[in-house]
Amino acid sequence: ELPFAESYKIKMVEPIRKSTREERERWIKKANYNLFNLKSNQVFIDLLTDSGTGAMSDRQWASMMLGDESYAGASSYYNLKQAIKNILGFDYFLPTHQGRAAENVLFSALVSEGNVVPGNTHFDTTKGHIEFRKASAIDCTIDEAFDTTVLHPFKGNIDLNKLEAVYLKYPKEQIPCTIVTVTCNSSGGQPVSMENLREVYELSKKYGIRVIFDSARFAENAYFIKTREEGYADKTIKDIVAEMYTYADGMTMSSKKDAIVNMGGFIALREEELFKKAAQFNIIYEGYITYGGMSGRDMNALAQGLDEGTEFDYLETRIKQVAYLGQKLKEFGVPVQEPFGGHAIFVDAKRFLPHLPVEQYVAQTLAIELYKEAGVRGVEIGTLLADRDPVTRENRYPKLELLRLAIPRRVYTNNHMDVIAVALKNVYDRREEIKMGYQIVNEAPILRHFTVELAPC
Ligand code: F0G
């Protein structure tokens with residue numbers, strides 16, 4: 002059998018620059034030990050996020066030239082509407098400038114003070130938009146998701162008992178929707194099985210609760226259903242996606258992930274009433290309903306990206322690259338979340354640096370060490386991100402302290418993956434020399450991780 006190779010070749014390149022350890026130590030100190038404050042030219046391999054960082058295809062760039070910039074009724078809007086109907090099956094949709102904008106618009110129409118919104122671990126902007134409205138997000142993820150050593154094929158699944166307990170505890174008027182995040186970013190890019198999607202939908206219908214998919218990585222989720230769930234091996238990704246969305250009443254989308262564009266988002270719905278209500282907020286916050294914060298050219302590229310992003314060959318290339326990095330790290334003994342996620346490898350920082358107390362921001366400490374080692378920028382998914390309890394203002398210590406290494410789509414080669422793996426191995430080999438973490442010097446009241454300022458303890 003021939004070895005595996007990428008399902009595309011490269012037509013345009015962007016130079017990146019290496020730096021010295023001395024330079025990086027100076028830069029990270031100046032950035033107040035917050036990797037968001039680094040300039041991109043101070044980074045060699047950028048794994049901060051897979052969001053908006055992908056490489057568009059020649060067809061996407063070509064479709065941009067056909068963008069229609071009419072204020073109302075642009076052909077690009079209708080292209081996108083058709084792609085959403087064909088691939089996801091929704092009749093109503095609203096373009097927004099990105100995923101959190103979709104959340105803002107939809108939750109303005111849906112969520113109010115005192116509401117509860119259950120789901121698998123909500124992404125931070127989703128949770129932020131819920132809590133900003135004085136409502137609360139309830140995490141109903143299965144327990145297996147919180148142990149990085151347990152091998153469960155669908156760690157994004159919702160525990161039906163936990164979900165039903167919420168449905169029994171609160172009146173349905175207080176639960177505007179349940180949100181299923183596919184794949185579940187916060188628990189490690191972990192997929193939700195088709196069986197679980199179906200069961201969640203059926204249970205929710207029994208209690209009269211709407212189901213919304215937070216869909217940023219829906220195609221990667223479909224890839225895992227195809228490769229891991231019985232009965233789906235011979236189905237196309239598009240068939241699987243179509244079935245997935247029969248178990249949703251609506252969706253929010255950050256198109257910057259699985260639709261492989263640099264900016265964009267949307268809401269798609271089945272209910273006309275809710276669509277009309279949300280459309281009002283779209284006009285106030287985003288723009289007229291046929292562009293909603295997006296250029297016509299960008300809607301065209303998004304329509305094309307939805308089609309490419311749901312092709313098996315592309316997804317196989319993508320997810321195998323993530324697994325390639327995961328496997329290397331595993332071979333070096335570096336503790337990582339298993340099974341490997343779709344868009345990222347998550348390093349278990351508590352197992353990596355067991356001698357550091359959680360009060361010293363363990364995953365952030367590891368992120369800083371990796372940057373100093375090789376100019377590789379990952380991101381903390383731990384206590385900084387989990388933020389403070391909105392009521393008590395105490396730090397919320399999540400079960401996991403993770404360093405996320407998010408892999409941009411169609412951007413880096415496996416040589417880059419080798420550099421990342423060896424860099425992390427070097428840090429691992431000297432882990433006992435890392436005796437102290439960091440403390441907060443300054444922080445914002447909400448979504449603090451973006452701007453937090455730190456100092457060594
Ligand atoms: N939902 C999920 C599951 C996400 O991962 C993100 C963004 C959003 C919603 C918000 O979308 O960024 O377009 O406003 N995740 C990025 C990340 C930022 O790095 O994981 P957005």
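Its first residue numbered 2, the sequence shown is counted upward by one per residue in the UniProt record's numbering. Glycine residues also receive a C-beta, built at the ideal position from the N, C-alpha and C atoms.
- Taking the CA atoms as reference points, E145 sits about 47 Å from M66.
- Here the alpha carbons of Y93 and E274 stand approximately 10 Å from one another.
- When Cβ pairs closer than 8 Å are counted between the two stretches, the region 135-144 is seen not to touch the region 320-335, the count staying below three.
- Straight-line measurement puts the Cα of Q99 at about 7 Å from the Cα of S256.
- One thing to note: T384 has its Cβ within 8 Å of the Cβ of V359.
- At a cut-off of 7 Å, the beta-carbon of K257 counts as near the ligand F0G: some heavy atom of the ligand is closer than that.
- Judged by DSSP secondary structure, N42 falls outside any alpha helix (DSSP H); it is assigned neither H nor E.
- A direct Cα-Cα distance of roughly 34 Å separates L39 from D308.
- S113 has its Cβ no nearer than 7 Å to any heavy atom of the ligand F0G.
- Taking every protein chain shown into account, the CB of D59 has fewer than 16 other CB atoms within 10 angstroms, so this residue is exposed.
- N443 has its alpha-carbon roughly 43 Å from the corresponding atom of M195.
- Bridge partners of F347 according to DSSP: R405.
- Residue pairing by DSSP puts R389 in a beta bridge opposite N396.
- Counted as a single uninterrupted DSSP element, the stretch harbouring T127 is not any beta strand (DSSP E) but the alpha helix (DSSP H) occupying residues D125 to F133.
- Straight-line spacing of the CA atoms in D250 and S205 works out to 11 Å.
- In this chain, the alpha helix (DSSP H) harbouring V242 covers I238 to M245.
- Residue pairing by DSSP puts C185 in a beta bridge opposite Q191.
- A456: member of the beta strand (DSSP E) spanning E454 to P457, first to last residue.
- Under the DSSP definition of a beta bridge, Q440 partners with A456.
- Check the Cα spacing between D51 and each of E70, Y208 and V262: the tightest is with V262.
- If you check the CB distance, A279 and A110 come in under 8 Å.
- L354 places its beta carbon 8 Å or farther from that of G379.
- Contact annotation: the region 177-190 does not touch the region 234-242, with fewer than three C-beta pairs closer than 8 Å.
- Look at D160 here: in three-state DSSP terms it is coil, with no helix or strand label.
- In the DSSP assignment, A279 is bridged to no other residue.
- Here DSSP, grouped into helix, strand and coil, assigns S71 to coil.
- Under the DSSP assignment, A138 falls in the beta strand (DSSP E) whose first and last residues are S137 to D140.
- Between Y168 and I210, the CB-CB gap stays under 8 Å.
- The C-alpha of L95 is placed about 24 Å away from the C-alpha of P119.
- An exposed status is given to K19, since fewer than 16 other beta-carbon atoms sit within 10 Å of its beta-carbon.
- Distance from the CA atom of E2 to the CA atom of T318, rounded to whole angstroms, is 17 Å.
- Put simply, of Y224, F219, K227 and A260 the residue whose alpha carbon is nearest the alpha carbon of Y248 is F219.
- Setting aside the 5 residues that flank it on each side, T126 is surrounded in the same chain by G100, R101, E104 and L448, each with a C-beta closer than 8 Å to its C-beta; the list follows chain order.
- Assignment of F5 by DSSP, reduced to helix, strand and coil, places it in the coil class.
- At a threshold of 7 Å, G266 counts as near the ligand F0G, since its beta carbon sits closer than that to one of the ligand's heavy atoms.
- When DSSP reads this structure, E381 sits in a beta bridge with L404.
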